[in-house]
Each structure stands twice: as structure tokens, then as C-alpha cells.
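*Asks:* After the C-alpha cells below, expect a handful of questions from me.
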Amino acid sequence: MHRTSLKIRLLGLSVAFSAALVGAILLVTYLVVTKAMRDTAEAGVAQLAVPAKVAFDRRTEMARESVAADPSGAGASSAAVEKALLDGLDELDSTGALGAAGYALHDASGELLWSTTDGHVLPAGPARARVLAAGASGDVTQYGARPLSGLLGSADMGDLAMHIPVELPFSGAAVLDVVYSPHREEAVIDSVRAPMTLLAVIAAMLSLFIMQSGAAWVLGLVEVLRKAADSIQAGEPEVRLPEVGDNEVGDLARSINEVIRKLDRRAEAQARFVADASHELATPVAGIRGYVNILRVWGAEDPALRDEAVGAIDRESRRMARLCAELLSLVRGDRETEFRSVRFDVNARCREVLADAATRNLGRQLEFIGPGEGQLAMVGDPDRVEEAISILVDNAAKYSQAGGQVSVTTRRRRDHVLVEVSDTGAGIPDEDLPHIFDRFYRSDASRSAETGGFGLGLAIAKRIIEAAGGEIEVRSTLGSGSTFTVRLPRGRP
Ligand code: ADP
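259 is the number that our numbering gives to position 253 of the sequence shown; each next residue is one higher, with no gaps.
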């Protein structure tokens, strides 16, 4: 697969961001300045329109008066009034009194009657028609502007015009156009462009620099992590990722270090487990080999010795078989996460466990007391629950003296079922309590008592109970007995 380094990606991102920043700064500035200039120009046109109307009305009056006072008597002719008015307007134009705008006069049919020499004559349009129909001035209208001009090239705002309705003495309603070409405003827009572009480019370079420095810092941290990871991979197990600073990269390093520590602990535990298992197996194997040698040398001549050796081989091989079964159960507990989920009576299972234990311990004068006749239903895997309780009951019997009691009581507490396995046996020394659930752990007392256990029973029981979502705890008083309490979720029976 094509691989693009993070560095290149970050560079691409920074460049794209900086370019977008330049564009955004330029566009926003352009829009703000253009709007301001247009507002200024429109206000200028509106201002020019007022004196223009006054001047026009005044000239109309003057034309009418001059024609009426004409001794030749031509005053009645509207053509004379028209001529006098248009002459008057030309005269006004030539004095320069009309200011910065251009003017044009159209009659109601749209025909041009008069215009200033430098003014723009605008084509007929809806704005002028609207003013005629309404008989009142409308808003300022923009003609011929090029949209977004001024952003990259020189600005062109076209012409701004205000249409004013006027009354002509000779032909009735007409419209006076006040037309303004906003060259000054365009010049302002043009003059802002260069410095704004420069500013935007400086801002973009700055942001590019800052983003690249940030990216270089993060990539530097990642590089440090990578080097450390390479060293670990190359077989330096003590190396840990540097937990650089209180930031996300530091957090990542801390999490990975924690994972490495866990894996180390697991590998250690596994190695210890294999060593312990081999050690446990080595003892019966050595015993068997010893007795086989005895058989080989004296077996034929001494029948008593032969019987003793065969008996011992039988015992040791049974012990090996038991150890193998327990190891298998432990490994299965490690792997099996799927538990059956069926409804069953915990009390009935406990009674069965106790009956089996009583049979196995016949002649040891132990009393086995079980839950009464009642039922206690729960949902779970009955065989695994029975296996765990059976381990606890067997231990209770194993570590009890003649005349002792082994009892199992059950209780329901809210969503849980509690099973208590108690004995009146030897009890467990305080220093052993934290370890009895560890694999292959046996207290010194039970080692010397030769009870025949491997120290796997409680580890198996705990595994099963925890996999079923429950927990196990122990209370014990040395010399007077122990109580193991199992708490299992009841399910929905
Ligand atoms: P084992 O096969 O040795 O019994 P377990 O894992 O079942 O292994 O138990 C671990 C150790 O905990 C035992 O060796 C014993 O010292 C102690 N222990 C467990 N159950 C009891 C009990 N009911 N009374 C006294 N000691 C117990």
C-alpha cells in the first residue's frame, strides 16, 4: 500500500490551511471595503440629488418667466418654454455649478431631452419606469458594475444613479437622472488591495511556521517513542518508552509501558507456572523410576517387595493423573469464557457434593452438614459451580481432624446466591491467607502434613467463580476452622 509519511501530510495540511487563510482574509477585507465604498458613493448621489432638483425647478421657473416676459408674444408656445429651459440647463452645465455628477433629462416616453456634456446617459430601465409611475424618487441604482472586480484586478463599480421625477411645463411628467461614477471610491478599493495581500501572505507564512513547528515537536516525540520501541524489539527488555510530559504523547507512552509491564508479568507467571508444573510432575516420575529399578533388581525374588513397588507405582501414577487433570482444568478455565446458562437448584448440587465427599472420607469420622430440603434456584453452569464447591468441600474435609464438621449453607441475597463452606479444621495462618488462591501455593503445614494436594484447587475454584461473574473470599481462625464464601450472580431463574 502506498505510504505517505505523517510529515508530508501535516505539511500539506498546513499549506492548505495557510492558503485558505490568505483567501479568507482577502475576501473578507474586499467585501467590507467594497460595501463601505458603495455606501459612501450612494450617500454622495443622494446628497447631489437634492440641490439638483432645486436647481432644475428654479430653471423651469426662470424659463417660464423669461418666455412670458418676451415682448414678441411667443410666450404661449411650449416649444419656446422648452428651448428656454434646455438653454438654461446648458448654461448651468457650462458654469460647472452642477458638481461631480452627470445629469440627463428623459420625458415620459423615455426620450432623451437633455444631458450634461460629461454625464452618462443611462439606457431605459425598470428603475426609471418605477419612479415615473410612482411620482417619487426611488433608491440609488447601480448600473454596469463588474461583480468581484477589485478583488484581483482594478475595481469597477459601474455608475450609481438616482432617478428624480420632475414636472415639465411643456410635456408633463419627466425624469431627471443624477448619475455618479464612483472613481474615487474605486481608487480606495484598489489602494487597499496591495497592503492587504501583503498582510494576508505574512499571516499565512506565520501560521505555516507555527503549524510546522508544532508538527515537528509532535513528530519529534513520536520519533523518540519509535526509537525506544525499536530498542525493546531488539531485545532490550528493560527499556521503557520515555513518558515525556503531561500530554497525549506522554499518556500514550504510559499506556504502552503499562501494557509491556503486564505482558512481562504474564510471561513471568507463565514461566513460573510451567516450572512449578514440571517440578510437581518430576516428583512422582522420580518415584516411579526408583520403584521400577527396585522391581528390575529384586522384583523376581522378593514378592513382598514387588507388591510394595507395584503399589507405590500405582499411587504415584494416580497422583500424576490427578495433577494432569487439575492442570487441564486450570488451562480450560483460562481459555473458556463461554459458560452454560441453565436454571438449576444450588441446594441439590451442594447436597450431591457433600454426599460424594462423605463417601470418599468414610471412616474419618467427619460430619457433613448440607443445606436443608428447600430449593434455591439460579441460572448458570451447574457443572462448573459444582466443581468449585466440590474443591472447597474437599479442602474442608482434607484439613479437618476426626470428629470435625464440614458444612455448606446457601442464602439468597438480592441478585446473588451465597454459598458458605465451613469447617472446624486446622484453619489457615494469617500470612498464608493472601496467597492461598495462587497457583501451586501450599502452606507449610499442609506440605508437611502430606495431604497430597498440588496447591491448584483454590486457583481453579477462583478462576471458575470469577469467570461466572462472582467472587470468593475466606475467613479463618487458626485452630478453629475456615469459612469460604462464594457469591454468584443469580441470573433470572
Ligand atoms: P491443595 O491442593 O494444597 O489443597 P488448594 O489450592 O486447594 O491446594 O489450597 C491451597 C492451600 O490453602 C492449601 O495447601 C492449604 O494450606 C490451604 N487451605 C485451603 N483450604 C483450606 C481449609 N479448608 N483449611 C485449611 N487450609 C486450607
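Using N, Cα and C, we set each Cβ at its ideal position, and we do this for glycine too.
If Tyr-297 sits next to Ala-310, beta carbons under 8 Å apart, how far is it from one beta carbon to the other, in whole angstroms?
*Replies:* Indexing the sequence shown from 1 puts residue 297 at position 291. Indexing the sequence shown from 1 puts residue 310 at position 304. In this structure Tyr-297 is not in contact with Ala-310, their Cβ atoms being roughly 14 Å apart against a cut-off of 8 Å.
*Asks:* Assuming Gly-105 and Leu-154 form a contact by the criterion Cβ under 8 Å, report the distance between their Cβ atoms to the nearest whole angstrom.
*Replies:* The count along the sequence shown starts at 1 and reaches residue 105 at position 99. The count along the sequence shown starts at 1 and reaches residue 154 at position 148. No, Gly-105 and Leu-154 are not in contact; Cβ-Cβ is about 30 Å, not under 8 Å.
*Asks:* Identify, in the order they occur along the chain, each residue of the same chain with its Cβ nearer than 6 Å to the Cβ of Thr-35, setting aside the five sequence neighbours on each side.
*Replies:* Position 29 of the sequence shown, counting from 1, holds the residue named residue 35. Same-chain partners within the cutoff: Met-202.
*Asks:* Do Asp-162 and Glu-191 have their C-beta atoms within less than 8 Å of each other?
*Replies:* Residue mapping note: residue 162 aligns to position 156 of the sequence shown, counting from 1. Residue mapping note: residue 191 aligns to position 185 of the sequence shown, counting from 1. Contact: no.
*Asks:* Taking just the CA atoms, how far does Glu-274 sit from Ala-259?
*Replies:* On the sequence shown, residue 259 is found 253 positions in, with the first residue counted as 1. On the sequence shown, residue 274 is found 268 positions in, with the first residue counted as 1. Approximately 22 Å between the Cα atoms of the pair.
*Asks:* Compute the minimum distance between the beta carbon of Phe-279 and the heavy atoms of ligand 1, and state whether it is under 7 Å.
*Replies:* To locate residue 279, count along the sequence shown from 1; it is residue 273. Phe-279 Cβ: outside cutoff for every heavy atom of ligand 1.
*Asks:* Keeping to the same chain, check which residues put their C-beta closer than 7 Å to that of Met-326; ignore five residues upstream and five downstream.
*Replies:* Here residue 326 refers to the residue found at position 320 when the sequence shown is read from its first residue. So the qualifying residues of the chain are Leu-287 and Pro-290.
*Asks:* Which one of Ala-130, Arg-246 and Ala-283 has the shortest CA to CA distance from Lys-268?
*Replies:* Walking along the sequence shown from the start, residue 268 turns up at place 262. Of the candidates Ala-130, Arg-246 and Ala-283, the one whose C-alpha sits nearest the C-alpha of Lys-268 is Arg-246.
*Asks:* Out of curiosity, what's the CA-to-CA distance linking Met-211 and Ala-22?
*Replies:* Sequence index remark: in the sequence shown, residue 211 carries index 205 (1-based). Sequence index remark: in the sequence shown, residue 22 carries index 16 (1-based). Approximately 12 Å between the Cα atoms of the pair.
*Asks:* Looking at Val-224 and Val-255, is the spacing between their C-beta atoms short of 8 Å?
*Replies:* If you number the sequence shown from 1, residue 255 lands on position 249. If you number the sequence shown from 1, residue 224 lands on position 218. The Cβ atoms of Val-255 and Val-224 lie closer than 8 Å to each other.
*Asks:* Tell me whether Glu-486, by its Cβ, gets closer than 7 Å to a heavy atom of ligand 1.
*Replies:* Taking the first residue of the sequence shown as position 1, residue 486 is located at position 480. One detail in the question is off: residue 486 reads as Ser in this sequence, not Glu. Checking the Cβ of Ser-486 against ligand 1 gives no.
*Asks:* Looking at Val-423: is its Cβ nearer than 8 Å to the Cβ of Val-414?
*Replies:* Working through the sequence shown from its first residue, we reach residue 423 at position 417. Working through the sequence shown from its first residue, we reach residue 414 at position 408. No. Outside cutoff.
*Asks:* Does DSSP put Val-39 in a helix, in a strand, or in coil?
*Replies:* By 1-based counting over the sequence shown, the position of residue 39 is 33. In the three-state scheme derived from DSSP, where H, G and I count as helix and E and B as strand, Val-39 is classed as helix.
*Asks:* May I ask you to list the residues that DSSP assigns as paired with Ser-84?
*Replies:* As a position in the sequence shown, residue 84 is number 78, starting the count at 1. Beta-bridge annotation (DSSP): Ser-84 is not paired with any residue.
*Asks:* Spatial neighbours of Met-7 within its chain, please: CB distance less than 8 Å, with the 5 preceding and 5 following residues excluded, ordered by chain position.
*Replies:* Numbered from its first residue, the sequence shown carries residue 7 at position 1. Annotation note: pLDDT 46 at Met-7 (below 50); position unreliable, coordinate value reported separately. The answer is none, since no qualifying residue turns up.
*Asks:* Less than 6 Å between C-beta atoms, sequence neighbours within five positions excluded: which residues of the same chain meet that for Leu-464?
*Replies:* Against the sequence shown, residue 464 aligns to sequence position 458. Result list for Leu-464: Ile-442 and Phe-443, in chain order.
*Asks:* On the DSSP bridge assignment, give the partners of Asp-76 in chain order.
*Replies:* Counting from one through the sequence shown, the residue named residue 76 turns up at place 70. According to DSSP, Asp-76 bridges with nothing at all.
*Asks:* Tell me whether Val-337 sits in a helix, a strand or coil according to DSSP, three-state version.
*Replies:* Taking the first residue of the sequence shown as 1, we reach residue 337 at position 331. Three-state DSSP puts Val-337 in a helix.
*Asks:* Buried or exposed for Ile-471, going by 16 or more other Cβ atoms inside 10 Å?
*Replies:* Looking up residue 471 in the sequence shown gives position 465. Buried: at least 16 other Cβ atoms inside 10 Å.
*Asks:* Give every residue of the same chain whose Cβ lies closer than 6 Å to the Cβ of Ala-537, excluding the five residues on either side of it in the sequence, and list them in chain order.
*Replies:* Missing from the structure shown is residue 537; the chain here goes from 7 to 499 and no further.
*Asks:* Under a Cβ-count criterion, where at least 16 other Cβ atoms within 10 Å of its own Cβ denotes burial, should Val-228 be classed as buried or exposed?
*Replies:* Translated into the one-based positions of the sequence shown, residue 228 becomes position 222. Burial call: exposed.
*Asks:* With C-beta atoms as the reference, is Ser-488 less than 8 Å away from Gly-410?
*Replies:* The residue given as residue 488 occupies position 482 in the sequence shown. The residue given as residue 410 occupies position 404 in the sequence shown. No, Cβ-Cβ distance for Ser-488 and Gly-410 is not below 8 Å.
*Asks:* Look at the alpha carbon of Arg-448 and the alpha carbon of Ser-11, and state the distance between them as a whole number of angstroms.
*Replies:* As a position in the sequence shown, residue 448 is number 442, starting the count at 1. As a position in the sequence shown, residue 11 is number 5, starting the count at 1. Those two C-alpha atoms are separated by around 56 Å.
*Asks:* Does the Cβ of Gly-502 lie closer than 7 Å to at least one heavy atom of ligand 1?
*Replies:* Outside the shown range of the chain, which is 7 to 499, sits residue 502, and nothing can be said about it.
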